[in-house]
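First the structure, in the form of structure tokens, and then the observations on it.
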Amino acid sequence: MNDDGLTQAVQEAGAVELLLVRHGESEGNVAATEARLAGAEVIDVPARDADVNLSGTGQEQAKALGNALARIAEEFRPDAVVSSPYARARQTAEIAVEAAGWPAEVRTDERLRDRELGILDRLTRLGVEKRYPDEVERRSWLGKLYYRPPGGESWADVALRLRSVLNELNNLGNGHRVMLVCHDAVIMLFRYVLEGMSERELLDLAASTSILNASITRYVRPSGAGPWTLESFNVADHLTEQGVEVTEHAGDTSVHPR
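Per my numbering, residue 6 is the first one in the sequence shown, and the count goes up by one each step.
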């Protein structure tokens, strides 16, 4: 993989600590909430999913994240910062790294991108129900882990690409730290893979918990080998402490198979 990829970044870094960061609030998050509240079928997003920018609040969250990261002692800072290539994640990473004063270069890896929705892209739940009732039935039958919309991905598909990311981390040297800036579903599925969750455990978590914008989830393994230990999950105290709005843009909580 070229120098912009995670493979190269992790070859340089190794991993004893893994910070998973959700991007700040995006214009797409705002548009989706507005569409749902208005009873609209289509979300009025300004660009394709990969190009949707942070909202003004999202930019403030990313800066507050960076201010919090600046408090990490130099010897414990991530050696590599790798982002989803989607604009909202990349902008979060870049703003945070600059605010933290870290010299790290933000790299991107397409395996950290958000789940692809295929024909359901830009549709609200109401829009899907109106236009694709058969898909609503199929999703209800299969549950969120295994349902794949036409032209899109299931959560299981996303988990497969994350396993390849983690395989690199698990087989390289120790003593270093990595921060990954990505998306809510990606963080949920990192937990699924890292903790060996069952389908039921994953879906119970997804039904009861939403990943907050600009939140931090932390895993450690001091030996640099073996399983990871969850140290903290979905922490956004750094936003509250700095007077920045905490935003919760959750997906559909109807996730279990019928």
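Beta carbons are placed, not taken as given, at the ideal position from N, Cα and C, and that holds for glycine.
Quick caveat, the model's predicted, so the values are computed rather than measured.
Own chain partners of residue i with C-beta closer than 6 Å, once the 5 adjacent residues on each side are dropped
i, result
"V35", "S60"
"Q247", "A69"
"A105", "G71, L74 and A75"
"T234", "V225"
"E250", "T62"
"A3", "There is simply no residue 3 to check, as the chain begins at 6 and stops at 263 in what is shown."
Buried versus exposed, by CB contacts within 10 Å (16 or more), residue i
i, result
"R112", "buried"
"E65", "buried"
"P83", "buried"
"A241", "buried"
"D139", "exposed"
"E158", "buried"
"L42", "exposed"
"G123", "exposed"
"V170", "buried"
"P154", "buried"
"T97", "buried"
Whole-angstrom C-beta distance between residue j and residue i, which should lie under 8 Å
i, j, result
"R166", "V21", "Not a contact, Cβ separation roughly 23 Å."
"D119", "S89", "7 Å"
Beta bridge counterpart(s) of residue i as assigned by DSSP
i, result
"A85", "V183"
"V47", "L128"
"S31", "L59"
"E22", "R182 and V225"
"T113", "S88"
Cβ-based neighbour list, residue i, same chain, cut-off 7 Å, excluding 5 preceding and 5 following
i, result
"I192", "L25, R27, I216 and T222"
"M202", "R196"
"H243", "A69, L70 and A73"
"L147", "P262"
"A101", "A67, L70, G71 and L74"
Nonlocal neighbours in the same chain, by C-beta distance under 8 Å from residue i, ignoring five residues either side
i, result
"V133", "L125, E140 and V141"
"V57", "S31, E32, G33, V50, P51, Y91, A92 and R93"
"V3", "Residue 3 lies beyond the stretch modelled for the chain, which goes from 6 to 263, so this question has no answer here."
- Item | beta strand (DSSP E) runs contained entirely in the stretch 210-240, provided each spans 3 or more residues | 221-225 and 234-240
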